[in-house]
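Q: The structure under discussion is supplied below as structure tokens; questions concerning it will follow.
Quick look at the structure:
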């Protein structure tokens, strides 16, 4: 693999020399600023061999570097080995630390090349200011990959389908009208939308263009009396074309979007969210015609309706049943001496989920890490290289499902066999204490994720320990498993740290601990934010699956923590028992035994 990557980078360097480009910046996203992307847009992964979802690659004439955050350090070290690419470890996740570095490396008059379609307005503004200050030239339409990536996959043409209002509560007409009211309040003519999850949510449509995310490539422009939907026509079945036409939603070719923007911007004003609209679109609109606003759609869809919450609860019930069957299967297989790999168990979790009603696929690439693989935060086993799960080791399983009635995300850490070592029990209990602290807290309105994040870390911090990722992210409703704006984060770099929690928000709680070369521990539930009678806010656990009590050092838990865990297990038992067999019920009772 190393030689193949070196050859690809040399092809790029040859093209750079022809075009007088001294450095190229290749980000991870697509023209819609997506976190997860179709293979067509996976330029950075193709060029570097690094498969993580977050990273920036910079190629110079004699040096290549990749920036990524701490979730991917171990993975990147493995995947970049012998490629000639140097890993630069980000100090602050998502911070543009590569930009000051590049400004110092290059001299005045040298040229940076990039494809501005892959950068948001905000990202490009910061980058341009930094380079201009050093008199470095910027070629923002440099895209050599159409030529050098000869086997590049085509853009997907998978069909789009309806997400019925029995699940999503409001019709697309109602959602569009809400946004039109906001347009009128700001005296603007058009709302420009590029984020794929926003468009899918507004139109109550779903697709399969991106793995694990029920999304499709499209643009949307909402006006006071019209709505323009830019999408490849072959993606829409006839019945949807008729419905959209009846609702006065005009279908236009995906590739004509920029041309339309140019025409419309002559006499009209646009509301734009600078973090989700790419810089190429921005260049087609006169600055005096732009009104920058927060992402209205993101704010709307973050607050789940009562109907959506009921469906979420049902999806969690199905997910819990599927995992009961998967974990029982694993126990039996190991007990009977079968050879089971990490990959086998990931496949079995997906299989049992697929047997539940309304299942539409996994919500992300399952993380199943045994012993030292569990310390690789975003480790994904493959069929050929997966470790064998054996008695006497620690197994971390982070997986989730996409259902028509909700999106799930759960992590459990279990010990295979009896008598876990005291060191593991101690570490697991510290993680559990932080998990319970966050899940059980009451807090006033206006509290943001950065404040709450510390609750999950404090038991670890007291022992000089920590984990190198945020404590949680928003979850979509049969949409992206990672959804903004809220979350639990250590810094204000992203909205996860700075957004105030509101009733109806659905967010993960996932503290962990990772010892390189030994094991990883993480516990994760999905939480619902709700309002208490005194006006404070609190969380309700939506996830329904037991937490490993044989890994707990009970002497480290206080009575409140024991009570919380016993109450949670009572909830799991009561919610799931009516829907499982007697044998499964006996297993669940044992797993939920009080401590």
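In our numbering, the protein residues as written are 55 to 649. For each residue, glycine too, the CB sits at the ideal point set by N, CA and C.
Closest to residue 171 by C-alpha separation, out of 552, 328, 348, 513, would be which residue?
A: Residue numbering aside, residue 171 sits at position 117 when the chain shown is read from its first letter. Nearest C-alpha to residue 171: 328.
Q: Check whether the Cβ atoms of residue 558 and residue 357 lie closer than 8 Å to each other.
A: Counting from one through the chain shown, the residue named residue 558 turns up at place 504. Counting from one through the chain shown, the residue named residue 357 turns up at place 303. Their beta carbons are under 8 Å apart, which means residue 558 touches residue 357 by this criterion.
Q: Can you tell me the Cα-Cα spacing of residue 339 and residue 277, whole angstroms?
A: For the purposes of this step, residue 339 is taken as residue 285 along the chain shown, with counting starting at 1. For the purposes of this step, residue 277 is taken as residue 223 along the chain shown, with counting starting at 1. For residue 339 and residue 277, the distance between alpha carbons rounds to 16 Å.
Q: Name, in chain order, the residues that DSSP records as bridge partners for residue 456.
A: Indexing the chain shown from 1 puts residue 456 at position 402. In DSSP, residue 456 forms a bridge with 415, 461.
Q: State the DSSP-derived secondary structure class of residue 467, mapped to helix, strand or coil.
A: Numbered from 1 along the chain shown, position 413 holds the residue referred to as residue 467. Correct three-state label for residue 467: strand.
Q: Can you tell me the Cα-Cα spacing of residue 670 and residue 166, whole angstroms?
A: The structure shown does not extend to residue 670, since the chain spans only 55 to 649, so no value can be given for it.
Q: How big is the Cα-Cα spacing for residue 497 and residue 553?
A: Residue mapping note: residue 497 aligns to position 443 of the chain shown, counting from 1. Residue mapping note: residue 553 aligns to position 499 of the chain shown, counting from 1. Taking the straight line from one Cα to the other gives about 14 Å.
Q: At 3 residues or longer, and completely inside the stretch 553-586: list those beta strand (DSSP E) runs for me, N to C.
A: The stretch 553-586 contains these whole beta strand (DSSP E) runs: 560-563, 566-569, 573-576, 579-585.
Q: Which residue marks the beginning of the beta strand (DSSP E) containing residue 121, and which one marks its end?
A: Within the chain shown, residue 121 is the residue found at index 67, counting from 1. That run of the beta strand (DSSP E) goes 118-122.
Q: Under 8 Å, with one C-beta from each stretch per pair, do the stretch 126-136 and the stretch 239-255 reach the 3-pair mark?
A: No, the stretch 126-136 does not touch the stretch 239-255.
Q: Since I believe residue 103 is in contact with residue 118 (beta carbons under 8 Å), could you give me their beta-carbon distance rounded to a whole number of angstroms?
A: Against the chain shown, residue 118 aligns to sequence position 64. Against the chain shown, residue 103 aligns to sequence position 49. Rounded, the Cβ-Cβ distance is 11 Å, inconsistent with contact.
Q: Between the C-alpha atoms of residue 468 and residue 372, what's the straight-line distance to the nearest angstrom?
A: For the purposes of this step, residue 468 is taken as residue 414 along the chain shown, with counting starting at 1. For the purposes of this step, residue 372 is taken as residue 318 along the chain shown, with counting starting at 1. Distance between the alpha carbons of residue 468 and residue 372: 21 Å.
Q: Check for me: the alpha helix (DSSP H) holding residue 251 runs from which residue to which?
A: Position 197 of the chain shown holds residue 251. Per DSSP, residue 251 belongs to the alpha helix (DSSP H) from 250-257.
Q: By how many angstroms is the C-alpha of residue 225 removed from the C-alpha of residue 92?
A: As a first step, residue 92 is located in the chain shown; it is residue number 38 there, counting from the start. As a first step, residue 225 is located in the chain shown; it is residue number 171 there, counting from the start. The straight-line gap from Cα to Cα measures roughly 28 Å.
Q: Can you list, in chain order, the residues of its chain whose CB lies under 7 Å from that of residue 298, leaving out five sequence neighbours each side?
A: Residue 298 sits at position 244 when you count from the first residue of the chain shown. Closer than 7 Å at the Cβ level, and outside the excluded window around residue 298, lie 283, 305.
Q: Assuming the contact rule is C-beta atoms closer than 8 Å, residue 542 and residue 366 should be a hit. Round their C-beta distance to whole Å, please.
A: Looking up residue 542 in the chain shown gives position 488. Looking up residue 366 in the chain shown gives position 312. 19 Å between Cβ atoms; not a contact.
Q: Should residue 218 go down as buried or exposed, given a rule of 16 or more other Cβ atoms within 10 Å for buried?
A: Here residue 218 corresponds to residue number 164 of the chain shown, with the count starting at 1. Residue 218 is exposed by the Cβ-count criterion.
Q: Could you give the DSSP three-state label for residue 182: helix, strand or coil?
A: Mapped onto the chain shown, residue 182 falls at position 128. Helix, per DSSP.
Q: In its own chain, which residues sit with a C-beta less than 6 Å from the C-beta of residue 482, not counting the 5 before and 5 after it?
A: By one-based count along the chain shown, residue 482 stands at place 428. Closer than 6 Å at Cβ, skipping near neighbours: 575, 605.
Q: For the alpha helix (DSSP H) that residue 292 lies in, which residues bound it at each end?
A: Mapped onto the chain shown, residue 292 falls at position 238. Unbroken alpha helix (DSSP H) run through residue 292: 292-300.
Q: List the endpoints of the continuous beta strand (DSSP E) containing residue 387.
A: Mapped onto the chain shown, residue 387 falls at position 333. Residue 387 -> not in any beta strand (DSSP E); alpha helix (DSSP H) instead, spanning 360-389.
Q: Where do the ends of the alpha helix (DSSP H) carrying residue 527 lie?
A: The sequence position of residue 527 within the chain shown is 473, counting from 1. Looking at the DSSP string, residue 527 is not in any alpha helix (DSSP H); the run it does join, the beta strand (DSSP E), is 526-528.
Q: Which parts of the stretch 105-177 are runs of the alpha helix (DSSP H), unbroken and 4 residues or longer, counting only runs that do not cross its ends?
A: Qualifying alpha helix (DSSP H) stretches, in chain order: 127-133, 152-159.
Q: Tell me which same chain residues have a C-beta within less than 7 Å of the C-beta of residue 182, skipping the five on either side of it?
A: Mapped onto the chain shown, residue 182 falls at position 128. Counting only Cβ-Cβ distances below 7 Å, and skipping sequence neighbours, we find 192.
Q: Considering just the uninterrupted stretch of the beta strand (DSSP E) at residue 306, what are its terminal residues?
A: Mapped onto the chain shown, residue 306 falls at position 252. From DSSP, the beta strand (DSSP E) with residue 306 extends over 303-306.
Q: Would you verify that the beta carbon of residue 82 is, or is not, closer than 8 Å to some beta carbon of chain C?
A: Included in the structure is just one protein chain, with no chain C present.
Q: Could you compute how far the alpha carbon of residue 215 sits from the alpha carbon of residue 290?
A: Residue mapping note: residue 215 aligns to position 161 of the chain shown, counting from 1. Residue mapping note: residue 290 aligns to position 236 of the chain shown, counting from 1. Approximately 8 Å, taken between the alpha carbons.
Q: Quick one: measure Cβ to Cβ for residue 125 and residue 111, integer angstroms, because I've assumed they're closer than 8 Å.
A: Position 71 of the chain shown, counted from the first residue, corresponds to residue 125. Position 57 of the chain shown, counted from the first residue, corresponds to residue 111. Not really, about 17 Å apart at Cβ, beyond 8 Å.
Q: Quick check on the DSSP output: the alpha helix (DSSP H) that includes residue 199 runs from which residue to which?
A: Within the chain shown, the letter at position 145 stands for residue 199. Taken as a continuous stretch (DSSP letters only), the alpha helix (DSSP H) holding residue 199 covers 199-202.
Q: Based on the DSSP secondary-structure assignment, which residues constitute the bridge partners of residue 541?
A: For this step, residue 541 is matched to residue 487 along the chain shown. Note: residue 541 sits in a beta bridge opposite 527.
Q: Cutting at 6 Å between CB atoms, please list the residues of its own chain near residue 222, excluding the five before and the five after it.
A: On the chain shown, residue 222 is found 168 positions in, with the first residue counted as 1. So the qualifying residues of the chain are 258.
Q: Leaving aside the five residues before and after residue 589 along the sequence, list all residues of the same chain whose C-beta is less than 8 Å from its C-beta, in chain order.
A: In the chain shown, the residue the question calls residue 589 occupies position 535. Here the set comprises 498, 499.
Q: Pop quiz: residue 423 and residue 396 are said to be a contact at Cβ under 8 Å. What is the actual Cβ separation, rounded to whole angstroms?
A: One-based indexing of the chain shown puts residue 423 at position 369. One-based indexing of the chain shown puts residue 396 at position 342. Rounded, the Cβ-Cβ distance is 7 Å, consistent with contact.
Q: Which two residues bound the contiguous beta strand (DSSP E) that contains residue 261?
A: As a position in the chain shown, residue 261 is number 207, starting the count at 1. That residue, residue 261, is in no beta strand (DSSP E); it is neither H nor E in DSSP.
Q: Closest by CA to residue 571, which one among 505, 447, 608?
A: Your numbering for residue 571 matches position 517 in the chain shown. Of the listed residues, the one whose Cα sits closest to residue 571 is 447.
Q: DSSP beta-bridge partners for residue 80?
A: One-based indexing of the chain shown puts residue 80 at position 26. Paired residues: 111.
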